[in-house]
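Protein chains: 4
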Amino acid sequence: MAKILVAYYSRTGNTEKMAQAVAEGAKEAGHEVELKKVNDVKPSSLLDYDGYVFGSPVYYGLPAAPLVELFDESVILHKRLSGRVGGAFASSGNTGGGNETTCMAILQMMLVHGMLAVGSAEGDHYGPVAVGSPDSRALAQCKALGKRVADFAAKVKN
Amino acid sequence: MAKILVAYYSRTGNTEKMAQAVAEGAKEAGHEVELKKVNDVKPSSLLDYDGYVFGSPVYYGLPAAPLVELFDESVILHKRLSGRVGGAFASSGNTGGGNETTCMAILQMMLVHGMLAVGSAEGDHYGPVAVGSPDSRALAQCKALGKRVADFAAKVKN
Amino acid sequence: MAKILVAYYSRTGNTEKMAQAVAEGAKEAGHEVELKKVNDVKPSSLLDYDGYVFGSPVYYGLPAAPLVELFDESVILHKRLSGRVGGAFASSGNTGGGNETTCMAILQMMLVHGMLAVGSAEGDHYGPVAVGSPDSRALAQCKALGKRVADFAAKVKN
Amino acid sequence: MAKILVAYYSRTGNTEKMAQAVAEGAKEAGHEVELKKVNDVKPSSLLDYDGYVFGSPVYYGLPAAPLVELFDESVILHKRLSGRVGGAFASSGNTGGGNETTCMAILQMMLVHGMLAVGSAEGDHYGPVAVGSPDSRALAQCKALGKRVADFAAKVKN
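First to last, the sequence lines map onto chains A, B, C and D. The numbering of the first sequence is my numbering, which starts it at 241 and goes up by one. The numbering of the second sequence is my numbering, which starts it at 241 and goes up by one. The numbering of the third sequence is my numbering, which starts it at 241 and goes up by one. The numbering of the fourth sequence is my numbering, which starts it at 241 and goes up by one.
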């Protein structure tokens, strides 16, 4: 089993719903999960997990600044998160509104930490995306992502 | 007025419909427009335009290989297309299916040619995207993009 | 002539040197230029310019959080910066250290504002990049970018 | 142990040298490795490996068309490569010449296949990059990438 952090930034509650579904998916698969707002994540605490799923609304095609700031501050752990497993999700106001580029930006930050970034052949390829309030399609993908990242994290850590 | 090339790759006809709408938008605004399949575009002919709009279905998160190949071959004109204006559009099978990253890849190829890449504050930010057959929303954005790229191309060439 | 904002974030001074060269390039070409740290830029003041060049060190493959935050806050002007001209530059500790993805992230934020993003056929394609302290090559490219963005901004605003 | 494919496109021989170093790194770590030009890779044969490292020169900020075409054709295996491990490398003519965006484009194609994309905290973050002929720094990173992808592939396949 793996220990997973699901961290998100949310103002309207849309991204929060997605985060809850991600956490649920990992839990139901038997993993240990912590669900936190990014503002409640201490950079040093990032050491405590085997895998990570980060989510954000789209602001100008990228994750919200507080999530970017958490990664900036995580430099105190640089090289120590290498080889862990990560995934992303995003929520936007419109189709074509930056969801994919936001997921890719999150995965990119994870790659710089030396992590393994998880894609999907079946669903939203770079991570689940929702336009407005997440529908059942988006939430099902979030659950699947939570399980998927946690399962891979369990394999990789051994 | 500007002279614009709208070039596309299409198998199912979805991207072709978008291309037609882009061309229509530029024409209705009074510009000269050529609409071509990428396989019918000679790299050397790219010199003849003030602005370009390229569209593709999404294959593995990127434009289809024939469009990438056209850019590869356009190296014979390198530096000579600098300062021209470009836009992109894409069509995918699913939400989160790579539309945004495909538009960004097209804009990126244009940036390497020294072009000015056109975004949008109102619609799909990196270029119009359609999931499956383009609906009226997507086609309206395609028309707007055609006009927009052509109008900017007219301004910049003077 | 155009009025240009050159805004940057810098801790070590490397990005600041690049910003100064960008500003110099625009000024020498006869444009009006303001050079500011991103923390000194009021979001509402962004309305006052025809063109923008933003620069940042690379933090986890993206611009530093304060620059991302400025864009987040610039939402109060959404749609009102459409059609303006933008460019980017970046400074990293290493080759392959995220300079290109940082420039692309800045250009992406500009595209979401509906701006025209400026690439280069001759130099660093997505914006000038420096590894460590900027050398004469990087600084020459910064000067060229300042002139280039300002010249295009002057053309487009008319 | 894992079975790894190292596939590359190369005209000048620069990317080929990098590919050889990647293959060597995986072999020295005890893995089984096949080294092939992309034109010699049958799409159906992609099923035979646990991990993949693809490399290309930069053409207009993206991998060369033959590599893109191989992914286009790999759609016949869609969903069947999910959960495998992938890495990228690139070679360009200049600093800021598109190496990072080329590596990211390769990783993106892998994510769409549902693979785990491997980053690096220590070296070039999205994959080893060379400007011109690969120097000892670039080749050392290529060797490390080969070992790294193969080691993770071995863990994940079990």
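Using N, Cα and C, we set each Cβ at its ideal position, and we do this for glycine too.
When DSSP builds the beta bridges, which residues end up paired with B:V298?
Indexing the second sequence from 1 puts residue 298 of chain B at position 58. B:V298 pairs with B:P303.
Continuous beta strand (DSSP E) assignments of at least 3 residues falling wholly in the segment 315-366 of chain B:
325-332 and 356-358
With distances taken between CB atoms, is the gap from C:P306 to C:N339 smaller than 8 Å?
As a working note, residue 306 of chain C is residue 66 in the third sequence. As a working note, residue 339 of chain C is residue 99 in the third sequence. Their beta carbons are not under 8 Å apart, which means C:P306 does not touch C:N339 by this criterion.
Within its chain, find whatever has a CB closer than 6 Å to the CB of C:V325; leave out the 5 residues flanking it on each side and keep chain order.
Here residue 325 of chain C refers to the residue found at position 85 when the third sequence is read from its first residue. Around C:V325: G291, L356, V389, F392, A393 and V396.
From the beta carbon of A:F311, is the nearest beta carbon of chain C less than 8 Å away?
In the first sequence, the residue the question calls residue 311 of chain A occupies position 71. Yes, A:F311 counts as interfacial toward chain C.
For D:N339, return the contacting residues in chain A, with the cut-off set at a CB-CB distance below 9 Å.
Counting from one through the fourth sequence, the residue named residue 339 of chain D turns up at place 99. Contacts between D:N339 and chain A, judged by CB atoms closer than 9 Å, are missing: the closest CB pair is about 14 Å apart.
Given that a residue counts as buried once 16 or more other Cβ atoms are within 10 Å of its Cβ, and exposed if not, what is D:S373?
Stepping through the fourth sequence from its first residue, residue 373 of chain D is reached at position 133. D:S373 comes out exposed.
Just the Cα atoms here: how many angstroms apart are A:A361 and D:H318?
Stepping through the first sequence from its first residue, residue 361 of chain A is reached at position 121. Stepping through the fourth sequence from its first residue, residue 318 of chain D is reached at position 78. About 7 Å.
Give me, in chain order, the residues of the same chain whose beta-carbon lies closer than 7 Å to that of C:H365; leave out the 5 immediate sequence neighbours on both sides.
Position 125 of the third sequence, counted from the first residue, corresponds to residue 365 of chain C. The answer, listed in chain order, is G359.
So that I know if they touch, is there some Cβ in chain D lying closer than 8 Å to that of C:P374?
Here residue 374 of chain C refers to the residue found at position 134 of the third sequence. False, the Cβ-Cβ gap to chain D never drops below 8 Å.
Nearest chain C C-beta to D:P303 closer than 8 Å, yes or no?
Position 63 of the fourth sequence, counted from the first residue, corresponds to residue 303 of chain D. Chain C, which has no Cβ nearer than 8 Å to the Cβ of D:P303, makes this no.
Around the C-beta of B:K387, are 16 or more other C-beta atoms found within 10 angstroms, so that it is buried, or is it exposed?
As a first step, residue 387 of chain B is located in the second sequence; it is residue number 147 there, counting from the start. With 16 or more Cβ atoms within 10 Å of its Cβ, B:K387 is classed as buried.
Out of curiosity, what's the CA-to-CA distance linking C:Q381 and B:A261?
Translated into the one-based positions of the third sequence, residue 381 of chain C becomes position 141. Translated into the one-based positions of the second sequence, residue 261 of chain B becomes position 21. Near 38 Å, if we compare the C-alpha coordinates of B:A261 and C:Q381.
Runs of alpha helix (DSSP H) wholly within the segment 254-293 of chain D (minimum 4 residues, chain order):
254-268
With H, G and I counted as helix, E and B as strand and the rest as coil, what does DSSP make of C:A380?
As a working note, residue 380 of chain C is residue 140 in the third sequence. In this structure, C:A380 counts as helix in the three-state DSSP scheme.
Going by CA-CA distance only, name the one from A:T335, A:P368, A:T341 and A:D312 that's closest to B:V369.
As a working note, residue 369 of chain B is residue 129 in the second sequence. B:V369 has its Cα closest to that of A:T335, out of A:T335, A:P368, A:T341 and A:D312.
Under the three-state DSSP convention, the category C:A390 falls into
The residue given as residue 390 of chain C occupies position 150 in the third sequence. Helix.
Status (buried if at least 16 other CB within 10 Å, exposed otherwise) for D:K257
Residue 257 of chain D sits at position 17 when you count from the first residue of the fourth sequence. So D:K257 counts as buried.
Enumerate in chain order the residues of its own chain whose CB-to-CB distance from C:G265 is below 7 Å, with the five nearest sequence positions on each side excluded.
The residue you call residue 265 of chain C lines up with position 25 of the third sequence. Hits under 7 Å: C382, K383, A384, L385, G386 and K387.
What are the partner residues of A:Y248, as DSSP defines its beta bridges?
Translated into the one-based positions of the first sequence, residue 248 of chain A becomes position 8. Paired residues: A:K277 and A:G295.
For the pair the segment 242-249 of chain C and the segment 244-259 of chain D, tell me if three or more CB-CB distances fall below 8 Å.
no
Buried or exposed (CB count within 10 angstroms, at least 16 for buried), B:V315:
Within the second sequence, numbered from 1, the residue matching residue 315 of chain B stands at position 75. Its Cβ having fewer than 16 others within 10 Å, B:V315 is exposed.
Just confirm the distance between the C-beta atoms of A:T342 and A:L310, as a whole number of angstroms; I'd bet it's less than 8 Å.
Here residue 342 of chain A is taken as the residue at index 102 of the first sequence, counted from 1. Here residue 310 of chain A is taken as the residue at index 70 of the first sequence, counted from 1. About 15 Å separates the two Cβ atoms, so there is no contact after all.
Per DSSP, which one or two residues make a beta bridge with D:K397?
Translated into the one-based positions of the fourth sequence, residue 397 of chain D becomes position 157. For D:K397, which the question treats as bridged, DSSP gives no partner whatsoever.
Counting only Cβ-Cβ distances shorter than 7 Å, please list the residues of the segment 352-365 of chain C near chain B, keeping chain order.
Among the residues of the segment 352-365 of chain C, those with a Cβ less than 7 Å away from any Cβ of chain B are V352, H353, G354, M355, L356, A357, V358, G359, S360, A361, E362 and H365, in the order of the chain.
Return the residue from the list A:V371, A:G337 and A:L245 that minimises the CA-CA distance to A:H271.
Within the first sequence, residue 271 of chain A is the residue found at index 31, counting from 1. Nearest option by C-alpha distance: A:L245.
From the beta carbon of D:M349, is the nearest beta carbon of chain C less than 8 Å away?
As a first step, residue 349 of chain D is located in the fourth sequence; it is residue number 109 there, counting from the start. No, D:M349 lies away from the interface with chain C (no Cβ there is under 8 Å from its Cβ).
Chain C partners of A:V308, CB-CB under 7 Å?
Position 68 of the first sequence, counting from 1, holds the residue named residue 308 of chain A. Per Cβ cutoff of 7 Å: L302, A305 and V308.
A:P297 and A:S332: beta carbons closer than 8 Å?
Start at 1 with the first residue of the first sequence, and residue 297 of chain A comes out as number 57. Start at 1 with the first residue of the first sequence, and residue 332 of chain A comes out as number 92. Yes, these two residues count as a Cβ contact at 8 Å.
Can you give the Cα-Cα distance for A:E274 and A:D312, rounded to whole angstroms?
Position 34 of the first sequence, counted from the start, is the residue given in the question as residue 274 of chain A. Position 72 of the first sequence, counted from the start, is the residue given in the question as residue 312 of chain A. Computed Cα separation, rounded: 21 Å.
Applying the 10 Å Cβ sphere with the 16-neighbour rule, what's the burial state of A:N254?
Here the question's residue 254 of chain A lines up with position 14 in the first sequence. If you draw a 10 Å sphere on the C-beta of A:N254, you find 16 or more other C-beta atoms in it, and that means buried.
Do the CB positions of D:A345 and B:A345 come within less than 8 Å of each other?
Within the fourth sequence, numbered from 1, the residue matching residue 345 of chain D stands at position 105. Within the second sequence, numbered from 1, the residue matching residue 345 of chain B stands at position 105. Yes, these two residues count as a Cβ contact at 8 Å.
Which residue or residues does DSSP assign as beta-bridge partners of D:A242?
Locating residue 242 of chain D in the fourth sequence gives position 2, where the first residue counts as 1. None; D:A242 has no bridge partner.
Please check the pair A:G295 and A:A328, which I expect to be a contact at CB under 8 Å, by giving their CB distance rounded to whole angstroms.
Sequence index remark: in the first sequence, residue 295 of chain A carries index 55 (1-based). Sequence index remark: in the first sequence, residue 328 of chain A carries index 88 (1-based). Between A:A328 and A:G295 the Cβ distance is about 7 Å, and since that is below 8 Å, they are a contact.
Test: A:H271 CB closer than 8 Å to a CB of chain D:
Sequence index remark: in the first sequence, residue 271 of chain A carries index 31 (1-based). It does not; no Cβ of chain D falls within 8 Å.
Ignore the nearest five residues each way along the sequence and tell me which others in A:A304's own chain have a CB closer than 7 Å to its CB.
Within the first sequence, numbered from 1, the residue matching residue 304 of chain A stands at position 64. Excluding positions up to five away in sequence, the list reads Y249, S296 and P297.
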